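Asks: Going by our numbering, the first residue of the sequence shown is number 71, and it counts up by one from there. I am attaching a structure below and will ask some questions about it afterwards.
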Amino acid sequence: MTELAVLDPVVGFIEEEIDPVLDLFEEIERLKRQKNAVLLAHYYQEPDIQDIADYIGDSLGLSRQAAATDADIIVFAGVHFMAETAKILNPHKKVLLPDLNAGCSLADSCPADEFAAFRARHPDHIVVSYINCTAAVKALSDIICTSSNAEHLIRQIPDDQPIIFAPDRNLGRYMIKQTGRDMVVWDGVCIVHETFSEKKLIRLKMQFPEALVLAHPECEEAVLRHADFVGSTSNIRRFARESDHTAFIVATEEGILHQMRKDCPNKTFIPAPPESGCNCSQCPHMRLNTLEKLYLCLKHEQPEILMDEAVRLRALQPIERMMEMSVGVK
Ligand code: 13P
Ligand code: SF4
Numbered sequence: 071m072t073e074l075a076v077l078d079p080v081v082g083f084i085e086e087e088i089d090p091v092l093d094l095f096e097e098i099e100r101l102k103r104q105k106n107a108v109l110l111a112h113y114y115q116e117p118d119i120q121d122i123a124d125y126i127g128d129s130l131g132l133s134r135q136a137a138a139t140d141a142d143i144i145v146f147a148g149v150h151f152m153a154e155t156a157k158i159l160n161p162h163k164k165v166l167l168p169d170l171n172a173g174c175s176l177a178d179s180c181p182a183d184e185f186a187a188f189r190a191r192h193p194d195h196i197v198v199s200y201i202n203c204t205a206a207v208k209a210l211s212d213i214i215c216t217s218s219n220a221e222h223l224i225r226q227i228p229d230d231q232p233i234i235f236a237p238d239r240n241l242g243r244y245m246i247k248q249t250g251r252d253m254v255v256w257d258g259v260c261i262v263h264e265t266f267s268e269k270k271l272i273r274l275k276m277q278f279p280e281a282l283v284l285a286h287p288e289c290e291e292a293v294l295r296h297a298d299f300v301g302s303t304s305n306i307r308r309f310a311r312e313s314d315h316t317a318f319i320v321a322t323e324e325g326i327l328h329q330m331r332k333d334c335p336n337k338t339f340i341p342a343p344p345e346s347g348c349n350c351s352q353c354p355h356m357r358l359n360t361l362e363k364l365y366l367c368l369k370h371e372q373p374e375i376l377m378d379e380a381v382r383l384r385a386l387q388p389i390e391r392m393m394e395m396s397v398g399v400k
């Protein structure tokens with residue numbers, strides 16, 4: 071029986087030397103079987119993690135999988151708000167996140183106390199919050215949405231009902247454009263999606279005139295206006311798979327390209343260029359998870375997501391509302 075290490079909360083992940091001859095893929099598979107654990111991974115994880123996951127998906131797909139699993143342990147290869155959502159749905163299961171520091175700029179941009187004050191200034195508004203927010207903000211919300219179902223959900227809200235949309239201003243503005251609803255939008259932004267450069271995108275389109283531009287709605291309006299298709303990660307993937315076109319410029323975190331290239335090895339996928347020459351189209355939070363941290367997290371069943379029960383129960387209601395209102399949405 072393995073001795074379980076204790077997590078140093080300041081570090082946020084298990085630190086332990088790993089024998090370099092160990093085959094981490096095999097070890098992770100063995101631990102998953104032994105502990106009846108399921109590994110859920112977001113498309114923005116590094117390719118090795120995607121390859122070993124039991125399920126890869128977007129935020130909606132991952133939430134649905136988390137709600138449906140009969141595993142005893144859920145290992146979430148994603149960011150903190152995603153693992154929190156899995157815990158909200160599974161209070162009696164152990165939910166693990168390989169690195170507790172894997173946050174999200176959108177969730178960080180919306181502190182619960184400031185959001186409570188904002189909400190209090192608009193007492194007649196219904197609150198639709200993007201799933202990229204903390205459990206405490208979910209607890210202050212009426213309906214949770216993802217980029218897959220936001221439009222579908224907003225269209226179900228009566229026309230005379232004023233709406234607050236939080237925390238992503240780009241998705242909020244895109245939804246205003248799509249639905250014609252005049253929403254009050256929180257001023258949050260994703261540091262990865264705001265970084266794509268319109269000027270460089272225009273140049274790339276001239277270089278590859280046959281390529282379609284596929285963009286995530288977290289991108290700035292200036293980028294979205296050049297897109298042939300706007301959708302969530304799984305919808306971008308599906309669009310490319312089903313399209314007759316053979317070349318695509320993809321404006322979202324570049325981890326998605328791994329599955330797109332596996333789906334369609336004969337098609338060309340070009341990552342949209344960020345403003346500077348850095349690796350800015352890799353999410354620095356998502357990429358904190360590594361195969362090594364994943365292995366140690368499964369081995370020691372740490373770091374674990376824990377949550378105040380009152381917050382969990384309040385946060386569960388808007389998530390359940392999302393699930394009910396988006397049955398059938400892909
Ligand atoms: P989706 O996978 O739901 O499209 O979300 C993208 C994202 O930024 C997750 O953090
Ligand atoms: Fe958050 Fe953006 Fe990273 Fe997604 S890609 S986790 S929205 S910072």
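Heads up, the beta-carbon is just placed ideally off N, CA and C, and yes, glycines get one too. Note that this is a predicted model, so its numbers are computed, not measured.
For the ligand 13P, is there a heavy atom less than 7 angstroms away from the beta-carbon of L130?
Replies: Here residue 130 corresponds to residue number 60 of the sequence shown, with the count starting at 1. Under cutoff, so the answer is yes.
Asks: Identify the residues that DSSP records as bridge partners of L282: which are they?
Replies: For the purposes of this step, residue 282 is taken as residue 212 along the sequence shown, with counting starting at 1. DSSP, once it has assigned bridges, lists F318 as partnering L282.
Asks: Using only the alpha-carbon positions, how far apart do C318 and S211 sit?
Replies: Here residue 318 refers to the residue found at position 248 when the sequence shown is read from its first residue. Here residue 211 refers to the residue found at position 141 when the sequence shown is read from its first residue. Note that residue 318 corresponds to Phe in the displayed sequence, not to Cys. Cα-Cα distance, rounded: 36 angstroms.
Asks: Excluding the 5 residues flanking Q329 on each side, which residues of the same chain have their C-beta closer than 8 angstroms to its C-beta?
Replies: The residue labelled residue 329 in the question sits at position 259 within the sequence shown. Within the same chain, Q329 has close Cβ partners Y113, Q120, I126 and R307.
Asks: On the DSSP bridge list, what partners appear for G127?
Replies: Position 57 of the sequence shown holds residue 127. Paired residue(s): H112.
Asks: Buried or exposed: where does E154 fall if 16 or more other Cβ atoms within 10 Å of its Cβ makes it buried?
Replies: By 1-based counting over the sequence shown, the position of residue 154 is 84. E154 comes out buried.
Asks: Does the distance from the C-beta atom of L166 to that of E374 stay below 8 angstroms?
Replies: Looking up residue 166 in the sequence shown gives position 96. Looking up residue 374 in the sequence shown gives position 304. Yes, the pair counts as a contact, with Cβ atoms nearer than the cut-off.
Asks: Taking just the CA atoms, how far does L170 sit from H150?
Replies: The residue labelled residue 150 in the question sits at position 80 within the sequence shown. The residue labelled residue 170 in the question sits at position 100 within the sequence shown. Their Cα atoms are separated by approximately 7 angstroms.
Asks: Excluding the 5 residues preceding and the 5 following M276 in the sequence, name in chain order all residues of the same chain whose CB lies nearer than 8 angstroms to its CB.
Replies: Position 206 of the sequence shown, counting from 1, holds the residue named residue 276. Answer for M276: no residue qualifies.
Asks: Is it buried or exposed, V293, if we count other Cβ atoms within 10 angstroms and call 16 or more buried?
Replies: Within the sequence shown, residue 293 is the residue found at index 223, counting from 1. Under this definition V293 is a buried residue.
Asks: Let me make sure I understand the geometry here. Which of V91, D78 and R100 has the alpha-carbon closest to that of K369?
Replies: Position 299 of the sequence shown, counted from the start, is the residue given in the question as residue 369. Looking at the Cα atoms, R100 is the closest of the given residues.
Asks: Taking the DSSP output, what are the residues bridged to N338?
Replies: Within the sequence shown, residue 338 is the residue found at index 268, counting from 1. Sequence check: residue 338 is Thr here, not Asn. Beta-bridge pairing links T338 to A317.
Asks: Roughly how many whole angstroms lie between the Cα atoms of Q372 and L74?
Replies: Numbered from its first residue, the sequence shown carries residue 372 at position 302. Numbered from its first residue, the sequence shown carries residue 74 at position 4. Their backbone Cα atoms lie some 8 angstroms apart in a straight line.
Asks: Return the chain-ordered list of same chain residues with a C-beta closer than 8 angstroms to the C-beta of V254, the five sequence neighbours on each side being excluded.
Replies: The count along the sequence shown starts at 1 and reaches residue 254 at position 184. Hits under 8 angstroms: H192, H195, P232, I233, I234 and F235.
Asks: Any heavy atom of the ligand 13P closer than 7 angstroms to the Cβ of V108?
Replies: As a first step, residue 108 is located in the sequence shown; it is residue number 38 there, counting from the start. It does not: the Cβ of V108 is nowhere closer than 7 angstroms to a heavy atom of the ligand 13P.
Asks: Is the separation between the beta-carbon of R239 and that of V262 shorter than 8 angstroms?
Replies: Counting from 1 along the sequence shown, the entry for residue 239 is found at position 169. Counting from 1 along the sequence shown, the entry for residue 262 is found at position 192. No, these two residues do not count as a Cβ contact at 8 angstroms.
Asks: Is M245 near the ligand SF4 - that is, is its Cβ less than 7 angstroms away from at least one heavy atom of it?
Replies: Translated into positions along the sequence shown, residue 245 becomes position 175. No; taking the cut-off as 7 angstroms, the Cβ of M245 has no heavy atom of the ligand SF4 nearer than that.
Asks: Could you spell out where the alpha helix (DSSP H) holding S217 opens and where it closes?
Replies: Within the sequence shown, residue 217 is the residue found at index 147, counting from 1. Where S217 is concerned, there is no enclosing alpha helix (DSSP H), given that its DSSP letter is neither H nor E.
Asks: Please return the same chain residues whose Cβ sits closer than 6 angstroms to the Cβ of H296, not counting the five positions on each side in sequence.
Replies: Here the question's residue 296 lines up with position 226 in the sequence shown. L271 and V283.
Asks: Quick check on the burial criterion: 16 or more other C-beta atoms within 10 angstroms. Buried or exposed for G242?
Replies: The residue you call residue 242 lines up with position 172 of the sequence shown. Result: buried.
Asks: For L366, which residues of its own chain have a beta-carbon under 6 angstroms away from its beta-carbon, when the five flanking residues on both sides are left out?
Replies: The sequence position of residue 366 within the sequence shown is 296, counting from 1. Taken in chain order, the residues that qualify are I84 and E86.
Asks: If you reduce the DSSP assignment to three classes, tell me which class F83 lands in.
Replies: By one-based count along the sequence shown, residue 83 stands at place 13. Residue state, collapsed to three classes: coil.
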